[in-house]
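2 protein chains.
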Amino acid sequence: MNIGTAARRSALPAKTIRYYEEIGLLRPARADNGYRDYSDADIHRLKFLQRARGLGFSVEECRQLLSLYGDSHRASADVKALAATKLDQIEHKIAELQSLKKTLTHLVRTCHGDARPDCPILDELSGASA
Amino acid sequence: MNIGTAARRSALPAKTIRYYEEIGLLRPARADNGYRDYSDADIHRLKFLQRARGLGFSVEECRQLLSLYGDSHRASADVKALAATKLDQIEHKIAELQSLKKTLTHLVRTCHGDARPDCPILDELSGASA
DNA sequence: GCTTGATCTTCCAGCGACTGGAAGGATTAG
DNA sequence: CTAATCCTTCCAGTCGCTGGAAGATCAAGC
Chain R
1 MNIGTAARRS
11 ALPAKTIRYY
21 EEIGLLRPAR
31 ADNGYRDYSD
41 ADIHRLKFLQ
51 RARGLGFSVE
61 ECRQLLSLYG
71 DSHRASADVK
81 ALAATKLDQI
91 EHKIAELQSL
101 KKTLTHLVRT
111 CHGDARPDCP
121 ILDELSGASA
Chain L
131 MNIGTAARRS
141 ALPAKTIRYY
151 EEIGLLRPAR
161 ADNGYRDYSD
171 ADIHRLKFLQ
181 RARGLGFSVE
191 ECRQLLSLYG
201 DSHRASADVK
211 ALAATKLDQI
221 EHKIAELQSL
231 KKTLTHLVRT
241 CHGDARPDCP
251 ILDELSGASA
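If you're matching them up, the sequences are chains R and L in order.
In this text, residue positions in the first sequence follow our numbering: the first is 1, and each later residue adds one.
In this text, residue positions in the second sequence follow our numbering: the first is 131, and each later residue adds one.
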């Protein structure tokens with residue numbers, strides 16, 4: 001199967017698929033004409049990557065997950081640990097963004113937002129309150 | 131004032147300050163020895179940048195904010211619009227992360243996490259449920 | 001005056017995860 | 001046979017820094 005079809009089936013851009021190959025995440029066969037030739041197993045792997053990336057795992061973490069996935073003797077604890085770490089990171093990021101949101105919401109609310117030049121947002125950024 | 135002092139006062143790494151200069155966010159004077167020489171106004175500008183970046187504004191948005199800051203005829207509505215857009219983006223990002231969190235939490239909870247190889251997380255990623 | 005160490009300069013390279021585009025070969029439809 | 005589409009490789013750019021090398025300058029101590 002050519003890369004265009006693989007792209008459609010995995011919901012990944014062809015460029016990204018080539019990139020994943022370049023960094024060693026998969027090794028598709030080659031047809032006689034030099035075109036990449038994807039098997040169903042390759043598509044499975046690409047979909048796996050697509051889902052894992054969508055869940056916020058980095059490419060390196062995806063590599064680990066794929067390695068665990070391919071290891072029939074893996075312990076589920078290893079996978080759980082990876083996912084739990086990622087969950088932690090996501091929670092931290094959420095907390096950080098919520099703090100930003102709070103500050104920005106306050107600023108937006110106190111700015112009258114008309115044609116006049118005085119602006120509490122710029123005041124805050126310029127350190128007027130500090 | 132040398133860059134080291136400017137770095138301490140603005141809470142930005144010296145490398146970052148040089149980078150900001152390179153992309154045209156400020157133009158410090160130069161002393162006879164070739165060292166950058168920061169004025170109090172420069173420090174003010176750097177602190178402004180430090181705060182705005184900390185609030186999640188991109189460097190290009192910071193450039194706009196600085197331009198609005200320096201324009202005494204600006205309308206506060208312009209600044210408010212920038213901030214409101216940023217707020218929207220932050221809210222979207224939070225929603226996205228919360229959705230990720232939900233999925234990952236579920237996966238982590240259903241994975242027994244012991245030495246056995248069966249793992250609902252990998253099952254999900256491999257598309258067992260799809 | 002000399003040495004040492006901190007600080008400054010420029011320049012180049014790399015991070016992560018792609019994405020865009022150019023130049024050219026292969027395939028397919030009509 | 002032609003035109004359109006798809007494939008190939010390679011190089012460059014994105015964003016916002018960050019690290020390091022090589023060399024100049026400065027400040028402090030002896």
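C-beta atoms are modelled at their ideal positions from N, C-alpha and C, and glycine is treated no differently.
This one's a predicted model, so the numbers in the text were calculated from it and none came from an experiment.
Three-way DSSP call (helix, strand, coil) for residue i in this model
i	result
ARG30(R)	strand
ASP37(R)	strand
ASP123(R)	helix
ILE3(R)	helix
GLY243(L)	coil
SER188(L)	coil
SER206(L)	helix
ASP118(R)	coil
ILE23(R)	coil
Minimum C-alpha distance to residue i - residue among the options
i	options	result
PRO247(L)	ILE121(R), ASP71(R), ILE23(R)	ASP71(R)
LEU100(R)	ILE220(L), LEU212(L), ASN163(L), SER256(L)	ILE220(L)
LEU66(R)	SER197(L), GLU254(L), ASN132(L)	GLU254(L)
THR103(R)	PRO143(L), ALA161(L), ALA213(L), ARG157(L)	ALA213(L)
THR105(R)	ASP114(R), PRO120(R), ALA115(R)	PRO120(R)
SER169(L)	GLU152(L), VAL238(L), ILE133(L), VAL189(L)	ILE133(L)
TYR35(R)	CYS111(R), ASP114(R), MET1(R)	MET1(R)
ARG239(L)	SER126(R), THR16(R), ALA81(R)	ALA81(R)
Beta-carbon contacts of residue i that lie in its chain and below 6 Å, excluding the five residues immediately before and after
i	result
VAL79(R)	LEU68
Same chain, Cβ closer than 8 Å to residue i, five either side skipped, listed in chain order
i	result
PRO13(R)	ALA7
LYS216(L)	LEU185, GLY186, PHE187, GLU191
Close-in-space but distant-in-sequence residues of the same chain around residue i (CB under 7 Å, 5 per side omitted)
i	result
ALA11(R)	GLN50
TYR150(L)	LEU156, LEU179
ASP167(L)	MET131, PRO158, ALA159, ARG160, ALA161
(message) With three or more C-beta pairs closer than 8 Å as the rule, is the segment 46-54 of chain R touching the segment 71-78 of chain R?
(response) no
(message) Across the segment 35-47 of chain R and the segment 6-19 of chain R, are there enough close Cβ pairs to call them in contact, namely three or more that are closer than 8 Å?
(response) yes
(message) If contact is defined by three or more beta carbon pairs under 8 Å, each pair taking one atom from either stretch, is the segment 221-240 of chain L in contact with the segment 81-96 of chain R?
(response) yes
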